[in-house]
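Numbering-wise (full-length UniProt numbering), the sequence shown opens with residue 1 and increments by one.
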Amino acid sequence: MLKGLTKTLSIVAALTAGIGVLGGAAMFFTTSMPTASIAADKTISGKVVYRERIALPPEAHLVVQLTDVSLADAPSKTIGETRIEAPQGSPIPFAINFDTDEIEPQHTYALQARIVAGDTLWFVTDERYTVDPKNPQEPIELKVVMVRKSADESVAIGIEGKDWLAEDIQGGGVVDTAQTTLLVDSNGTVSGSGGCNRFMSKATISGSNISFAEIGSTYMQCPPALMNQERKFLDVLGKTRSYKMDSGKLVLIDEGGDELARLAQSL
1 MLKGLTKTLS IVAALTAGIG VLGGAAMFFT TSMPTASIAA DKTISGKVVY
51 RERIALPPEA HLVVQLTDVS LADAPSKTIG ETRIEAPQGS PIPFAINFDT
101 DEIEPQHTYA LQARIVAGDT LWFVTDERYT VDPKNPQEPI ELKVVMVRKS
151 ADESVAIGIE GKDWLAEDIQ GGGVVDTAQT TLLVDSNGTV SGSGGCNRFM
201 SKATISGSNI SFAEIGSTYM QCPPALMNQE RKFLDVLGKT RSYKMDSGKL
251 VLIDEGGDEL ARLAQSL
């Protein structure tokens, strides 16, 4: 009897020891699993205001962007963006979520906003609102200025003094690595980059009509894809006879009314 009991206790002890070993192995396996890094998200909030006491049309929407504006000679990079449909009037609250891993030390960041209804730009920020994304000084208030008086009275939307970045040229898109830009000063002086070379010209603007004088440029050689895009863009400028705004984008139009190129504003 005692011998049988001793044998039984030995078996139980062995099983218990085995379970302990397995449990220890499982615990070791669990604690040694690598953990994935998770990007830290942050939110910048504030409000967009305008002084006019008008009701926005139902198709209007507000776009607010957090952008990296560190490079003076290159378009800004969008870090975060929010779109608010059918805003009901000033002030309009907003919140932008962004990945803090995209924030670079020593870079400069700014907020910009615009209100668009259909193909018409109604309001836009006309100054830079610099912000520290990781430590914003709240409350943040973005003031937008009106570029359209009412639903029945259009105002010519000036393109002067703004940096424009090509998003499409003759329906063929653009090379992602190329920065094809256009700047028209208030005196009509034109400058920009075709994606490889700098160019210059003179613009004549009357209402929505615009034409460019003979275009001069530098003579650097770049990869064929960039040179081809540059030639197409300079050809577009030579054919441009008018322009329009489409959801905040600048559209260049030829004599027959066909779209030649589409550019986005870069603050």
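Note that beta-carbon positions come from the ideal geometry of N, C-alpha and C, so glycine has one too.
Locate the alpha helix (DSSP H) running through R236, then write down its first and last residues.
-> The sequence given here places Val at residue 236; Arg does not occur at that position. Judged by DSSP secondary structure, V236 falls within the alpha helix (DSSP H) whose first and last residues are P224 to K239.
Segment limits, beta strand (DSSP E) that includes N97 | Unbroken beta strand (DSSP E) run through N97: I92 to D99.
Local Cβ density within 10 Å of V184, reported as buried at 16 or more and exposed below that | Classification for V184: buried.
Reducing DSSP to helix, strand and coil, say where E167 ends up.
-> Here E167 sits in strand by DSSP.
Going by DSSP, what residues sit across from L183 in a beta bridge?
-> DSSP, once it has assigned bridges, lists D163 and S191 as partnering L183.
Presumed contact (8 Å Cβ cut-off) between G216 and A203, rounded CB distance | Actually they do not touch by this definition, with Cβ atoms about 14 Å apart.
When the distance is taken between beta carbons, is A110 closer than 8 Å to V175?
-> Annotated as distal: V175 and A110, with beta-carbon spacing of 8 Å or more.
Other residues of its chain near K195: CB distance less than 6 Å, five sequence neighbours each side excluded = According to the sequence as given, residue 195 is Gly; it is not Lys. The answer, listed in chain order, is A178, T180, L226, Q229 and E230.
Between the CA atoms of E167 and V63 - distance to the nearest angstrom = A straight-line Cα-Cα distance of about 18 Å links V63 and E167.
F29 (DSSP reduced to helix, strand or coil) = Low confidence applies here, because F29 scores a pLDDT of 35, under 50, leaving its location unreliable and the question unanswered by this model.
Reduced DSSP secondary structure (H/G/I, E/B, other) of E81 = The answer is strand: DSSP assigns E81 an E or B state.
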